[in-house]
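Engineer: For the sequence shown, the UniProt record's numbering gives the first residue as 1, with consecutive numbering after it. Yeah, the Cβ is synthetic: ideal placement off N, Cα and C, and Gly gets one too. Sharing a structure, written as structure tokens. Questions coming.
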Amino acid sequence: MGLIYVNPQGVDGQPDPAKTAHDVRVTFARMAMNDEETVALTAGGHTVGKAHGNGNADELGPEPEGGDIHDQGFGWLNKKSRGVGNQSVTSALRAHGRQNRPNGITATLTSS
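Okay, here's the thing in structure tokens:
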């Protein structure tokens with residue numbers, strides 16, 4: 001299926017939940033998915049696949065509820081990095097099944 005991208009900051013970068021919900025529905029409807037299938041794919045994709053990482057905890061902004069009002073719906077923000085590429089994270093499920101595992105993942109999975 002490839003990368004499916006809906007701007008997490010809202011349509012055209014404007015935080016408007018109603019417009020974002022509409023944009024998500026339109027985006028996934030193009031792939032013949034209803035709301036239930038969209039939720040399953042999104043939740044499952046980030047659970048078993050990749051997700052954006054927050055990076056170094058020292059570089060995170062305030063807790064979401066303590067941030068600026070326009071940032072509160074976006075979780076922990078990192079103003080120094082975007083959480084993509086080598087800053088993305090993967091679940092152990094996805095990494096464990098790979099033939100060429102990322103460095104250290106086997107030790108992480110088997111340590112108690």
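Between residue 70 and residue 17, which are expected to be in contact by the criterion C-beta below 8 Å, what is the C-beta distance as a whole number of angstroms?
Structural biologist: By 1-based counting over the sequence shown, the position of residue 70 is 70. By 1-based counting over the sequence shown, the position of residue 17 is 17. Contact between residue 70 and residue 17 is absent: CB atoms are separated by about 12 Å, not below the 8 Å threshold.
Engineer: Name the DSSP bridge partner or partners of residue 78?
Structural biologist: Residue 78 sits at position 78 when you count from the first residue of the sequence shown. The partner list for residue 78 (beta bridge, DSSP) reads 60.
Engineer: Compare the C-alpha of residue 61 against each of 24, 45, 80 and name the closest.
Structural biologist: As a working mapping, residue 61 is identified with position 61 in the sequence shown. Shortest Cα-Cα distance from residue 61 to any of 24, 45, 80 involves 80.
Engineer: CA-CA distance, residue 28 and residue 65?
Structural biologist: Taking the first residue of the sequence shown as position 1, residue 28 is located at position 28. Taking the first residue of the sequence shown as position 1, residue 65 is located at position 65. Looking at the two C-alpha atoms, the distance is approximately 30 Å.
Engineer: If you check the beta carbons only, do residue 19 and residue 10 fall under 8 Å apart?
Structural biologist: The residue labelled residue 19 in the question sits at position 19 within the sequence shown. The residue labelled residue 10 in the question sits at position 10 within the sequence shown. Cβ atoms of residue 19 and residue 10: closer than 8 Å.
Engineer: Between residue 6 and the rest of its own chain, which residues show a CB-CB distance below 8 Å, the 5 nearest in sequence each way excluded?
Structural biologist: Along the sequence shown, one-based indexing puts residue 6 at 6. Within the same chain, residue 6 has close Cβ partners 20, 23, 24, 27.
Engineer: Less than 8 Å between the C-beta atoms of residue 59 and residue 78, yes or no?
Structural biologist: Along the sequence shown, one-based indexing puts residue 59 at 59. Along the sequence shown, one-based indexing puts residue 78 at 78. Cβ atoms of residue 59 and residue 78: closer than 8 Å.
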